[in-house]
Amino acid sequence: MAQITRSPKVYDVCIIGSGASGGTAAKILTEGGLSVVMLEAGPPLNPEKDFKEHVWPYQLPHRGLGVAGKAAENFGEFLAPDGAWEIDGEPYTVAAGSRFRWFRSRIVGGRTNHWGRIALRFAPVDFKSRSTDGMGDDWPIAYEDVAPYYDKVESYIGVFGTKENVSSAPDGVFLSPPKPRCTETIIKKACDKIGVICIPSRLAVITQAHNGRAACHYCGQCGRGCISASNFSSSQVMIPSAEQTDRFTLLTGAMAREIVLGKSGKAEAVSYIDKATRTEKKVYAKAFVVGASACESARLLLNSKSTQFADGLANSSGVIGRYLTDSVGSSGGGVFPQLTKMPPHNHDGVGGMHMYMPWWKFDRKNEFLRGYHIEFGGGRTLPGAGEFHAVCEYNEGYGSSLKKKCKDVYGTYIGYAGRGEMIPNEHSYCEIDPNTVDEWGIPVLRFHWQWSDNEIKMARDMQQTFRQITEAAGGTYVTNTATDGPNAYGIEDGGVIIHELGVVRMGNNPKTSALNSFCQAHDVKNVFVMDAASFVSNPDKNPTLTIMALTWRASEYLLDEAKKGNL
Amino acid sequence: MSRGISRRSILKSLGMGVAASSVLRVIPLQAAEHAHHMVAAEKAASPVKAYAPKYFSAHQYKTLQKLCQTIFPADSDSGGAIEAGAPEFIDLLTSESNEYQQVLGGGIMWLDNTCIDRYDKVYLDCSPEQQKEILDKIAYRKNAVTDVSLSQGVEFFSFLRKITADGFFTSEIGIKYLGYIGSAFLTEFPGCPPVPEA
Numbered sequence: 007m008a009q010i011t012r013s014p015k016v017y018d019v020c021i022i023g024s025g026a027s028g029g030t031a032a033k034i035l036t037e038g039g040l041s042v043v044m045l046e047a048g049p050p051l052n053p054e055k056d057f058k059e060h061v062w063p064y065q066l067p068h069r070g071l072g073v074a075g076k077a078a079e080n081f082g083e084f085l086a087p088d089g090a091w092e093i094d095g096e097p098y099t100v101a102a103g104s105r106f107r108w109f110r111s112r113i114v115g116g117r118t119n120h121w122g123r124i125a126l127r128f129a130p131v132d133f134k135s136r137s138t139d140g141m142g143d144d145w146p147i148a149y150e151d152v153a154p155y156y157d158k159v160e161s162y163i164g165v166f167g168t169k170e171n172v173s174s175a176p177d178g179v180f181l182s183p184p185k186p187r188c189t190e191t192i193i194k195k196a197c198d199k200i201g202v203i204c205i206p207s208r209l210a211v212i213t214q215a216h217n218g219r220a221a222c223h224y225c226g227q228c229g230r231g232c233i234s235a236s237n238f239s240s241s242q243v244m245i246p247s248a249e250q251t252d253r254f255t256l257l258t259g260a261m262a263r264e265i266v267l268g269k270s271g272k273a274e275a276v277s278y279i280d281k282a283t284r285t286e287k288k289v290y291a292k293a294f295v296v297g298a299s300a301c302e303s304a305r306l307l308l309n310s311k312s313t314q315f316a317d318g319l320a321n322s323s324g325v326i327g328r329y330l331t332d333s334v335g336s337s338g339g340g341v342f343p344q345l346t347k348m349p350p351h352n353h354d355g356v357g358g359m360h361m362y363m364p365w366w367k368f369d370r371k372n373e374f375l376r377g378y379h380i381e382f383g384g385g386r387t388l389p390g391a392g393e394f395h396a397v398c399e400y401n402e403g404y405g406s407s408l409k410k411k412c413k414d415v416y417g418t419y420i421g422y423a424g425r426g427e428m429i430p431n432e433h434s435y436c437e438i439d440p441n442t443v444d445e446w447g448i449p450v451l452r453f454h455w456q457w458s459d460n461e462i463k464m465a466r467d468m469q470q471t472f473r474q475i476t477e478a479a480g481g482t483y484v485t486n487t488a489t490d491g492p493n494a495y496g497i498e499d500g501g502v503i504i505h506e507l508g509v510v511r512m513g514n515n516p517k518t519s520a521l522n523s524f525c526q527a528h529d530v531k532n533v534f535v536m537d538a539a540s541f542v543s544n545p546d547k548n549p550t551l552t553i554m555a556l557t558w559r560a561s562e563y564l565l566d567e568a569k570k571g572n573l
Numbered sequence: 003m004s005r006g007i008s009r010r011s012i013l014k015s016l017g018m019g020v021a022a023s024s025v026l027r028v029i030p031l032q033a034a035e036h037a038h039h040m041v042a043a044e045k046a047a048s049p050v051k052a053y054a055p056k057y058f059s060a061h062q063y064k065t066l067q068k069l070c071q072t073i074f075p076a077d078s079d080s081g082g083a084i085e086a087g088a089p090e091f092i093d094l095l096t097s098e099s100n101e102y103q104q105v106l107g108g109g110i111m112w113l114d115n116t117c118i119d120r121y122d123k124v125y126l127d128c129s130p131e132q133q134k135e136i137l138d139k140i141a142y143r144k145n146a147v148t149d150v151s152l153s154q155g156v157e158f159f160s161f162l163r164k165i166t167a168d169g170f171f172t173s174e175i176g177i178k179y180l181g182y183i184g185s186a187f188l189t190e191f192p193g194c195p196p197v198p199e200a
């Protein structure tokens with residue numbers, strides 16, 4: 007029998023999750039004077055030991071593919087720990103007829119250890135969807151409410167970029183961007199020709215020493231984790247500043263199971279599984295910040311049932327789990343004759359794109375609502391397993407001639423990835439699977455997913471644009487996509503872009519939303535959900551920067567409420 | 003164009019960064035180099051000896067080596083798949099994966115069986131002309147269209163070609179052959195040399 011162990015201490019705040027929102031909340035709340043305990047389901051992170059930065063593929067016996075080649079499905083063996091599409095013992099299920107994948111992380115810092123560092127502000131129009139085109143819902147806040155917090159986050163973490171005055175992509179507080187790579191020079195020229203806006207990207211990578219962190223050294227390996235913390239991760243940038251305050255306690259291997267409602271109608275504790283001992287424990291606090299990643303946050307609330315909240319904590323509206331969206335993703339690529347003539351040179355740069363295309367057709371009538379941006383990359387990157395499979399399949403044969411063909415093709419490919427806005431629909435949601443628990447005894451999520459016609463049209467437009475840009479540059483577009491079926495025009499399955507969010511949405515009306523505009527539960531005032539679960543819409547901007555800005559804002563509000571004695 | 007910087011200057015610039023530091027636990031840049039050297043040292047610590055295959059029999063492993071080296075041979079430009087360590091890498095993965103065992107283990111047996119049927123000898127004992135003849139058949143998908151009996155061989159060879167490419171192009175000699183320059187420590191990204199017209 008597992009024993010329930012009562013922790014004697016009552017913390018001011020218990021934070022569940024250590025990623026973008028958990029880390030930011032920890033920093034603001036501890037610096038504001040509160041005592042904080044953080045629960046992280048995974049182990050601690052040790053960058054010196056865990057990161058594979060600057061390791062060559064031939065220095066690993068599996069050359070990046072991992073044991074039995076399994077790491078290939080999870081972005082390779084070089085990826086910073088610990089993120090995966092499947093976690094042993096912690097399944098999720100997908101309803102019949104739906105296709106959905108869920109990338110999760112179990113480690114201090116969560117998915118900020120792996121993210122693409124793309125740090126884009128939402129635009130004013132992104133907060134006012136319904137007022138603009140009649141679909142979806144407006145946020146209860148406007149750009150002006152968030153802008154000061156975008157400033158604070160960018161100033162603290164360091165984001166490079168340039169002032170461009172593009173209405174779909176508001177400017178921020180920027181460090182200077184790195185010079186373009188050859189691939190980017192070529193694409194920029196083509197975009198200028200056909201009227202697509204192509205500007206320096208905005209990435210949370212520091213191009214100069216910043217707040218005690220060393221400048222980027224341009225090895226192009228951000229995804230492996232950066233030992234000098236020159237890119238942003240919660241584990242290396244947010245959590246250390248909380249630790250400096252001596253008001254911060256981090257519990258690792260602590261899988262939250264339930265937020266326990268006290269007799270007063272407020273939450274009083276979190277029951278969690280201590281994975282090392284497989285026992286259930288409780289930690290007490292005066293307020294709770296849920297930042298477990300959008301769907302994990304929804305799962306925790308849905309699993310926190312009581313007589314007062316039979317359908318899950320703070321879920322009197324019934325919206326928790328609904329309004330699930332991901333970015334619309336479609337990719338393609340081409341080969342470029344200019345690149346075959348390039349002499350060998352260092353093409354690494356930062357671990358991500360130096361330029362990108364923000365949404366540029368915002369002032370015209372399109373076949374679909376909302377917009378997308380385009381990310382792109384390629385060229386003479388560090389060779390990896392899988393890189394020459396297509397060349398081998400296309401040319402077949404063997405011998406020196408095949409070897410030479412691989413060499414000739416190397417560095418000549420540029421790939422595009424469109425990232426667009428999905429409009430929430432009633433067929434896309436998550437719920438507790440009544441039949442399945444994980445190895446900790448916690449009921450798991452079941453996903454339902456469907457794209458609507460708007461997203462399919464958007465993916466088609468992406469494919470057309472990729473081809474136009476490629477051809478304008480004198481290249482050959484090599485991607486062929488189906489025109490129907492579940493992946494029409496290359497649209498990825500739900501969840502694959504790893505921008506899944508919206509499942510504990512904020513709003514002014516407690517009947518149609520779970521949180522107020524400060525991420526505070528309408529039903530239970532001392533519970534806050536600060537991750538992307540709170541989002542009302544999922545614009546064509548990668549969510550992480552906005553998660554941090556909203557968390558910063560909500561945490562200041564929480565501090566204020568705590569001072570007033572309202573929690 | 004790439005401007006590698008010395009270890010000394012890394013430490014110097016890093017020292018300046020750290021002096022400005024107040025709150026954060028900054029992990030020094032030289033730790034990156036340390037990790038790099040650690041892995042290299044671990045590799046060097048194991049005594050150099052002939053690789054003992056974990057999955058393939060001695061005969062099958064020799065066949066694998068021969069096939070890998072035929073796919074990516076040593077020539078005047080670079081070493082081949084054997085020098086790149088591809089057979090070791092393939093054997094290691096095969097020892098861990100049922101899928102690889104089925105495709106590659108089964109594939110090598112298919113090749114020997116087919117050679118016995120055609121030439122009365124296993125692949126390694128065949129003449130260079132016979133080896134070329136059978137490989138030329140299974141190296142192209144179109145051959146399986148006219149002769150369905152080749153299709154298992156074609157699937158096997160296609161898989162082997164891809165995994166051999168993985169082994170070759172992730173090796174030190176493969177990376178050098180491609181002309182990749184990077185994974186370095188630069189103080190500034192130099193940008194793009196002049197791009198020739200399309």
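Those protein sequences? They're chains G and B, same order as listed. Sequential numbering from 7 applies to the first sequence in the working numbering. Sequential numbering from 3 applies to the second sequence in the working numbering. A virtual CB, placed ideally from N, CA and C, is assigned to each residue, including glycine. The structure displayed is predicted, hence computed values, not measured ones.
Listed in chain order, the non-local C-beta contacts of residue 313 of chain G below 7 angstroms within the same chain number zero, local neighbours out to five positions each way being set aside. Below the 9 angstroms Cβ cutoff, chain G contributes no neighbours of residue 146 of chain B, its closest Cβ being approximately 11 angstroms away. For residue 163 of chain B, at least one C-beta of chain G is nearer than 7 angstroms to its own C-beta. When DSSP states are grouped into helix, strand and coil, residue 20 of chain G belongs to the strand group. For residue 167 of chain B, there is no enclosing beta strand (DSSP E); the residue is part of the alpha helix (DSSP H) that begins and ends at 153–171. Comparing C-alpha distances from residue 188 of chain B to each of G/497, G/354, G/485 and G/467 shows the shortest one belongs to G/354.
DSSP places residue 202 of chain G outside any alpha helix (DSSP H), giving it a letter other than H or E.
Around the Cβ of residue 150 of chain B, a 10 Å sphere holds fewer than 16 other Cβ atoms; the residue is exposed. Annotation for residue 292 of chain G: no alpha helix (DSSP H) segment contains it, though the beta strand (DSSP E) segment containing it runs 285–296. Spanning the alpha carbons of residue 512 of chain G and residue 433 of chain G requires a straight line of approximately 20 angstroms. Partner residues in the beta bridge of residue 436 of chain G, as assigned by DSSP, are G/453. Contact note: residue 99 of chain B reaches chain G through 73, 74, 75 and 76, using a C-beta cutoff of 9 angstroms and chain order.
By the neighbour-count criterion, in which 16 or more other beta carbons inside 10 Å mark a residue as buried, residue 481 of chain G falls on the buried side. Beta-bridge analysis with DSSP links residue 106 of chain G to G/500.
Within chain G, the residues whose beta carbon sits less than 8 angstroms from that of residue 174 of chain B are 62 and 64, listed in sequence order. Between residue 31 of chain G and the set G/241, G/543, G/384 and G/435, the nearest pair of CA atoms involves G/241.
Of G/298, G/270 and G/259, the smallest CA-CA separation from residue 279 of chain G is found for G/259. By the rule that beta-carbons nearer than 7 angstroms mark a contact, residue 402 of chain G touches chain B. Under a criterion of Cβ atoms nearer than 8 angstroms, the residues of chain G adjacent to residue 195 of chain B are, in order, 188, 348, 349 and 351.
Burial check for residue 61 of chain B: the Cβ neighbour count within 10 Å stays below 16, so the residue is exposed. Residue range 419–426 is occupied by the beta strand (DSSP E) that includes residue 423 of chain G. Neighbourhood of residue 87 of chain G in chain B, by CB distance below 9 angstroms: empty, with the nearest CB roughly 14 angstroms away. Annotation for residue 17 of chain G: 41, 43 and 291 place their beta carbon closer than 6 angstroms to its own, counting only its chain and skipping 5 residues before and after.
Within the same chain, 152, 153 and 156 come within 7 angstroms of residue 146 of chain B by CB-CB distance, once the 5 residues on both sides are set aside.
A residue is called buried once 16 or more other Cβ atoms fall within 10 Å of its Cβ, and residue 78 of chain B, having fewer, is exposed. Counting along the chain, residue 167 of chain G sits inside no alpha helix (DSSP H), nor does DSSP assign it H or E at all.
As computed with DSSP, residue 264 of chain G is found in a beta bridge with G/277. Following the DSSP letters along the chain, one finds residue 97 of chain B inside the alpha helix (DSSP H) bounded by residues 88–98.
Spatial neighbours of residue 23 of chain G in its own chain (CB-CB distance under 6 angstroms, excluding positions within 5 residues in sequence) are listed in chain order as 297 and 298.
For the stretch 189–206 of chain G, the set of residues with a beta-carbon nearer than 7 angstroms to any beta-carbon of chain B comprises 191 and 192, in chain order. Between residue 149 of chain G and residue 128 of chain G the beta-carbon gap is near 7 angstroms, inside 8 angstroms, which marks them as a contact. For a Cβ distance threshold of 7 angstroms, residue set 182 of chain B lies close to residue 386 of chain G, ordered along the chain. Think of a sphere of 8 angstroms around the beta carbon of residue 399 of chain G: the chain B residues whose beta carbon falls inside it are 160 and 164, in chain order.
Neighbourhood of residue 186 of chain B in chain G, by CB distance below 9 angstroms: 60, 223, 224, 225, 352 and 354, in chain order.
When 7 angstroms is used as the limit between beta carbons, residue 69 of chain G is near these residues of chain B: 91, 168, 169 and 172, in chain order. Considering only beta carbons, the part of the stretch 51–80 of chain B lying closer than 7 angstroms to chain G consists of 72, 73, 74, 75 and 77, in chain order.
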